Amino acid sequence: MKRTVVPMGPQHPVLPEPIVLDLVLEDEKVVDAIPTIGYIHRGLEMMVERVEFTEFGYVVERICGICSFMHGMGYAVAMEKIMAVEVPERASWLRLIWAEMSRIHSHLLWLGLGADAFGFENLFMHCWRTREEVLDIFEKTTGGRIIFSVNRIGGVRRDISDSELVAIVEKLQQLGAGFAETARIFETDPSIRHRLGGVGILTREDAHAVDAVGPMARASGIPLDTRLTGTYLYDHLDFEPVLETAGDCLARVVVRVREISQSIDLIRQAVQRMPKGEGAPIETKVRGLPTGETFERLEQPRGEVIYYIKANGTKYLERFRARTPTFANIPAMIKLVKGCDLADVPNIIMTIDPCISCTER
Amino acid sequence: MDRKAFLGRVGEYQKDGWRLAIINATSILPTEAMEHGAFDVSWSFAKDGAFEHLREQILPGEEVPSISGLFGAAFLYENEMRELFGVNVTGIALDLKGQLYKTATIVPFAPSAIRARLEAMGKKA
Amino acid sequence: MSHVSLFKRSPWILHYDGSSCNGCDIEVLACLTPLYDVERLGVVNTGNPKHADILLVTGSVNERNIEIIQNLHRQMPDPKVVVAVGACACSGGIFARAYNIQGGIDHVIPVDVYVPGCAARPESIIDGVVQGIAALELKHKRSA
């Protein structure tokens with residue numbers, strides 16, 4: 263049969279960010295997809311040559327404006343490992359709380375974009391309205407809506423008072439209760455089921471074969487979550503990863519919907535478990551220059567992120583590398599697109615929750 | 053590098069159900085002993101909580117076999133490593149032929165390119 | 158025929174993400190959603206350059222997106238206005254000296270309004286768009 267190549271992107275109505283897929287079609291079926299990235303490649307890993315390690319955190323936070331906090335946190339934790347810095351416990355708990363709030367805001371953001379992609383503008387607006395409440399908490403506690411620079415090697419810059427923490431939990435629980443109706447629509451609405459159910463199925467075996475991470479793997483039944491490894495105080499909390507087994511677009515939506523309530527609960531537990539006492543130290547003074555290397559893993563909203571840092575005893579790091587979750591999920595996306603209908607391509611791309619600026623750095 | 057032994061070990065990871073977590077290259081700047089520098093390449097695998105690495109020192113131009121036949125996701129790392137570092141990876145399942153990033157600087161992380169940038173900034177390489 | 162106030166109430170916007178970190182992009186989107194809701198001012202986000210009056214660019218220019226930005230700008234009907242949103246679009250920002258970044262948007266196309274911030278706040282983006290509308294009116298008067 264005659265083959266047609268349809269280039270999708272870089273500027274396309276459903277794509278919030280530029281990426282190109284050359285879709286090879288036989289009639290309406292996609293038989294091959296070749297990715298081209300590089301539209302957002304800045305080359306920020308090279309900036310270690312110019313920016314001192316104490317200030318490089320600001321660059322790392324700008325790998326991506328959505329997971330900004332978690333990028334900053336990963337960099338700080340990795341540097342603390344290299345420099346053998348003991349971080350005050352309160353700082354680690356505050357990081358966990360902000361990190362889970364980042365997950366809530368990121369999932370709400372994505373659910374909105376996803377809803378827009380499958381034709382539910384109304385749901386898009388509801389999700390983003392809810393998301394603003396999380397941003398308000400960020401702004402109140404850190405001063406920023408999107409990029410906070412609240413992490414620093416050795417701890418965090420700002421404390422949250424005990425009463426404020428209780429108020430945050432209350433506010434998030436109200437948010438969760440208000441979101442329940444939206445969540446119900448995502449999970450049960452017949453047109454959403456029709457549009458997403460059975461579309462873009464990634465089986466458990468395939469998910470493993472293409473090394474998928476995050477909600478992508480969890481929607482295919484693989485209990486893969488870096489939080490399970492017990493780092494970052496998660497071993498003090500009750501935590502079971504949210505799993506779905508269908509592996510289709512709908513399952514990926516449902517996993518993220520449920521992770522929102524899970525994150526709210528994790529924050530509630532954290533506030534309960536963390537030792538009371540504002541005024542406790544939240545930062546350790548860091549002296550000297552770093553020497554050594556480390557790999558650091560943590561669970562971002564989109565899945566596992568890995569940092570590699572090599573320091574050589576000078577003010578400038580020798581190498582900084584970030585392998586972001588979308589980078590790991592692109593092979594899965596390509597696998598899914600092959601064999602689907604052209605009209606399903608936007609939904610499949612959206613449900614991997616692509617973050618292109620993370621991917622290209 | 054010992055190609056056969058390397059592929060054998062990667063094959064074992066694959067058989068035992070590990071997942072490819074990251075392939076990373078780090079440039080080693082030229083020294084008197086290594087005129088053109090080298091690359092420190094690591095292949096990292098994860099399974100449950102475990103995280104292990106294979107590491108090799110690769111000279112510029114030295115052939116590195118692709119592992120994309122064993123781990124589906126490897127092609128992206130390998131294309132990137134070839135474009136940004138100039139590591140000579142051969143046999144990649146989906147070869148993007150230098151079209152992945154299309155950077156303004158050709159091979160920005162090649163040891164010679166890094167040294168040139170550092171010297172231009174007046175830092176000793 | 159006079160076109161007074163042709164744009165005043167309903168400028169259409171085309172958003173392109175240069176090499177932004179997403180921070181400014183999601184703030185641009187936040188402007189469209191209920192809390193800020195620029196649609197109440199008649200601002201509509203379009204994906205088609207031929208429908209657009211204002212080109213809103215986030216992020217800076219790199220080797221690969223020069224052509225894309227020029228193409229989008231060329232396809233927009235005259236008069237048109239370019240709003241550069243965020244530090245990167247204005248000057249390259251924190252990434253100005255990274256190897257793949259060439260600089261701000263004004264490297265490639267003329268910019269009418271610069272919106273500062275990293276990330277730019279929705280309030281300042283809306284302000285930038287409103288200033289863009291004024292620039293659009295002015296250009297229209299001059300060409301009439």
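Chains as they are written, first to last, in the numbering used here: chain A, 263 to 623; chain B, 53 to 177; chain C, 158 to 301. Ideal placement from N, C-alpha and C gives every residue a C-beta, glycine not left out. Model, not experiment: these values are computed from the prediction.
Interface partners of residue i on chain B, CB under 7 Å
i: Arg-221(C); result: Lys-154
i: Thr-491(A); result: Gly-101
i: Ala-471(A); result: Gly-124
i: His-303(A); result: Tyr-153 and Thr-155
Same chain, Cβ closer than 6 Å to residue i, five either side skipped, listed in chain order
i: Pro-272(A); result: Pro-280, Val-282 and Tyr-301
i: Val-533(A); result: Leu-427 and Val-431
i: Ala-469(A); result: Ala-479, Ser-482 and Ile-484
i: Val-412(A); result: Thr-404, Val-418, Arg-419 and Arg-420
i: Thr-266(A); result: Leu-287
i: Ile-463(A); result: Gly-509 and Asp-510
i: Ile-75(B); result: Trp-95 and Tyr-129
i: Gly-249(C); result: Ser-217, Ile-258, Gly-260 and Gly-261
i: Gly-180(C); result: Ala-276
i: Ile-618(A); result: Glu-279, Ile-281 and Ile-302
Contact list for residue i against chain B, beta-carbon separation under 9 Å
i: Asn-257(C); result: Tyr-153, Thr-155, Ala-156, Thr-157 and Pro-160
i: Leu-420(A); result: One detail in the question is off: residue 420(A) reads as Arg in this sequence, not Leu. Those do not exist, as Arg-420(A) stays about 32 Å from chain B at its closest Cβ, beyond 9 Å.
Per-residue contacts from residue i into chain A (C-beta, under 7 Å)
i: Leu-128(B); result: Phe-589, Ile-592 and Pro-593
i: Ser-96(B); result: Phe-557
i: Ser-300(C); result: The contacting residues do not exist; Ser-300(C) stays about 27 Å from chain A at best.
Under 8 Å from the C-beta of residue i: neighbouring residues of chain A
i: Arg-197(C); result: Per Cβ cutoff of 8 Å: no residues; Arg-197(C) is ~13 Å from chain A at best.
i: Arg-278(C); result: Arg-407
i: Ile-110(B); result: Chain A residues near Ile-110(B): none, gap ~15 Å exceeds 8 Å.
Buried/exposed call for residue i, threshold 16 Cβ in 10 Å
i: Thr-190(C); result: buried
i: His-230(C); result: buried
i: Val-567(A); result: buried
i: Asn-205(C); result: exposed
i: Lys-237(C); result: buried
i: Thr-507(A); result: exposed
i: Glu-443(A); result: exposed
i: Thr-626(A); result: Nothing in the structure corresponds to residue 626(A), since chain A is present only between 263 and 623.
i: Val-93(B); result: buried
i: Glu-317(A); result: exposed
i: Asp-235(C); result: exposed
i: Lys-99(B); result: exposed
i: Val-599(A); result: buried
i: Leu-285(A); result: buried
i: Pro-452(A); result: exposed
i: Met-363(A); result: buried
i: Val-268(A); result: exposed
i: Lys-572(A); result: buried
i: Asp-269(C); result: buried
Under 8 Å by beta carbon: chain C residues contacting residue i
i: Leu-306(A); result: Phe-252 and Ala-255
i: Leu-560(A); result: Those within 8 Å of Leu-560(A) in chain C number zero; the least Cβ separation is about 19 Å.
Chain C residues whose Cβ lies nearer than 7 Å to that of residue i
i: Met-387(A); result: Thr-190 and Pro-191
i: Val-321(A); result: Ile-251
i: Leu-371(A); result: Ile-183
i: Ser-619(A); result: Ser-177, Cys-178 and Asn-179
i: Met-335(A); result: In chain order: nothing, as chain C lies at least about 16 Å away.
Contacts around residue i, its chain only, beta-carbon distance under 8 Å, and the 5 residues preceding and following it disregarded
i: Asp-284(C); result: Val-272
i: Arg-407(A); result: Leu-397, Phe-400 and Glu-401
i: Phe-502(A); result: The sequence given here places Glu at residue 502(A); Phe does not occur at that position. Counting only Cβ-Cβ distances below 8 Å, and skipping sequence neighbours, we find nothing.
i: Pro-350(A); result: Gly-417, Ala-542, Pro-543, Ile-544, Glu-545 and Thr-546
Cβ neighbours of residue i in the same chain (closer than 7 Å, five flanking residues each side left out)
i: Gly-274(C); result: Gly-243, Ala-244 and Ser-281
i: Leu-486(A); result: Val-475, Ala-479 and Arg-480
i: Thr-576(A); result: Leu-551
i: Ala-209(C); result: Trp-169, Ile-170, Leu-171, Thr-203 and Met-233
i: Gly-138(B); result: Pro-112, Val-159 and Ala-162
Closer than 8 Å at the beta carbon, the chain B residues around residue i
i: Gly-575(A); result: What Gly-575(A) touches in chain B: nothing, since even the nearest Cβ is about 14 Å away.
i: Arg-623(A); result: Residues of chain B passing the Cβ test: none, with the nearest at roughly 10 Å.
Proximity test, residue i beta-carbon vs the ligand SAH heavy atom, cut-off 7 Å
i: Val-431(A); result: With respect to small molecules bound, the structure shown includes none, and the ligand SAH cannot be examined in it.
Original post:
Is the stretch 306 to 313 of chain A touching the stretch 368 to 386 of chain A in the sense that three or more CB pairs, one from each, lie closer than 8 Å?
Top reply: Short answer: they don't touch.
**OP:** Would you mind listing the alpha helix (DSSP H) stretches within the stretch 77 to 114 of chain B that are 4+ residues and don't spill past its ends, in chain order?
**Re:** Within the stretch 77 to 114 of chain B, no alpha helix (DSSP H) run of at least 4 residues lies entirely inside it.
**OP:** Flag this pair as touching only if the stretch 329 to 347 of chain A and the stretch 258 to 268 of chain C have three or more C-beta atom pairs under 8 Å; answer yes or no.
**Re:** In this structure the stretch 329 to 347 of chain A does not lie against the stretch 258 to 268 of chain C, because fewer than three pairs of beta carbons, one per stretch, are closer than 8 Å.
Subject >> Ranges of the beta strand (DSSP E) found wholly within the stretch 205 to 238 of chain C, counting only runs of at least 3 >> reply: 211 to 215, all fully within the stretch 205 to 238 of chain C.
**OP:** Just list the alpha helix (DSSP H) runs in the stretch 477 to 564 of chain A, keeping only unbroken ones of 4 residues or longer that don't cross its boundaries, in chain order.
**Re:** List check, alpha helix (DSSP H) in window: 477 to 480 and 511 to 535.
**OP:** Determine, using beta-carbon pairs with one atom in the stretch 61 to 78 of chain B and one in the stretch 602 to 615 of chain A, whether at least three such pairs fall under 8 Å.
**Re:** Counting Cβ pairs under 8 Å, fewer than three are found: no touch.
Subject >> contact_flag[the stretch 606 to 621 of chain A, the stretch 360 to 380 of chain A] where n(CB pairs < 8 Å) is 3 or more >> reply: Output reads yes: the stretch 360 to 380 of chain A touches the stretch 606 to 621 of chain A.
Subject >> contact_flag[the stretch 487 to 505 of chain A, the stretch 356 to 370 of chain A] where n(CB pairs < 8 Å) is 3 or more >> reply: Contact between the stretch 487 to 505 of chain A and the stretch 356 to 370 of chain A is present, with at least three C-beta pairs closer than 8 Å.
Subject >> Those runs of the beta strand (DSSP E) which lie wholly inside the stretch 235 to 279 of chain C and span at least 3 residues >> reply: The beta strand (DSSP E) runs lying completely inside the stretch 235 to 279 of chain C and spanning 3 residues or more are 238 to 242, 258 to 260 and 270 to 272, given in chain order.
Original post:
Should the stretch 542 to 551 of chain A be regarded as contacting the stretch 511 to 519 of chain A, the criterion being three or more beta carbon pairs within less than 8 Å?
Top reply: With a cut-off of 8 Å on Cβ pairs, the stretch 542 to 551 of chain A is not in contact with the stretch 511 to 519 of chain A, counting fewer than three such pairs.
Original post:
Taking the runs of the alpha helix (DSSP H) that are 4 residues or longer, which of them lie wholly in the stretch 317 to 369 of chain A?
Top reply: Whole alpha helix (DSSP H) segments, 4+ residues: 318 to 323 and 330 to 344.
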